[in-house]
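Taking it in order: structure first as structure tokens, then the write-up.
Numbering (the numbering used here), first residue to last: 763 to 1035.
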């Protein structure tokens, strides 16, 4: 009987926790949307920023470019690294254990540390100065451990029977990996990619040190702010708080849209496979 009471209590605690998190999340999101939508206007989406329109368009374009370029660098390294660790390395290898411990440690390091590393390495040592490329390289290093570990766990979750059946039918190991294992692990890999996108879009500390905060559409060697840096900059000035809420609303919409696209791609790949 005591176990039944314990099960009921734990079930209530679990449901209470879930609904509490959902309530807080919806409350914050609604608050931002209510405050932000009241101050959305065409001036916020003008091509060039000035102190009158406080346009977020340059920051929006920089954010999208930052996400795409960072993923182009980090995704192949993370996914192929996970394939090597899962399929080719020895299970009792000390190097393998060291890589996993290092990856887990790097995932939890504060972003300001990556920003300082990027500043010392890319801005000063390599001479990129405060530029878009310095920010991209810093963010690529920051999200690489996350993609690596999530991809490795996704590959591990694929049933061993898939691999054995493919090899028994005469498929090579490489063909089995790319036609059987990777498509089956797509959902787990994209989960890590989605988390990486969220971290890139919401990052400000590391980018202040590397890509800077100039309100312009940045070239490879130009300084430029992303949406999170833009929101921080205009809110810290204290003159455009309402526009900061509008920027936050746009930021949330972008994250939701990217998550939707990623989930759609994952379902499409799983359906085709």
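The beta carbon of each residue, even a glycine, is placed where N, CA and C say it ideally should be.
When rounded, the separation of the alpha-carbon atoms in residue 1026 and residue 909 is 19 Å. Here the C-alpha atom of residue 977 lies approximately 28 Å from the C-alpha atom of residue 906.
A distance below 8 Å between beta-carbons, with the five flanking residues on each side excluded, links residue 1010 to the following residues of its chain, in chain order: 794, 798 and 993.
Setting aside the 5 residues that flank it on each side, residue 876 is surrounded in the same chain by 900, 903, 904 and 968, each with a C-beta closer than 7 Å to its C-beta; the list follows chain order.
Taking 7 Å as the cut-off, the beta carbon of residue 973 is found no closer than this to the beta carbon of residue 890.
Taking 8 Å as the upper bound for CB-CB distance, residue 854 and residue 911 are not in contact here, some 19 Å apart. For residue 876, the enclosing alpha helix (DSSP H) has its first and last residue at 873-880. Going by beta carbons, residue 913 and residue 951 fall inside the 7 Å limit. Judged by DSSP in its simplified three-state form, residue 1020 adopts helix. Between residue 1017 and the set 961, 843 and 849, the nearest pair of CA atoms involves 961. Contiguous alpha helix (DSSP H) elements confined to the region 799-866 occur at 819-845, taking only those with 4 or more residues. In the DSSP assignment, residue 930 falls within the unbroken alpha helix (DSSP H) covering 922-930. Non-local beta-carbon contacts of residue 931 in its own chain, meaning distances under 6 Å to residues more than five positions away in sequence, are absent. In this structure, the beta-carbon distance from residue 938 to residue 925 falls below 7 Å.
By the neighbour-count criterion, in which 16 or more other beta carbons inside 10 Å mark a residue as buried, residue 1013 falls on the buried side.
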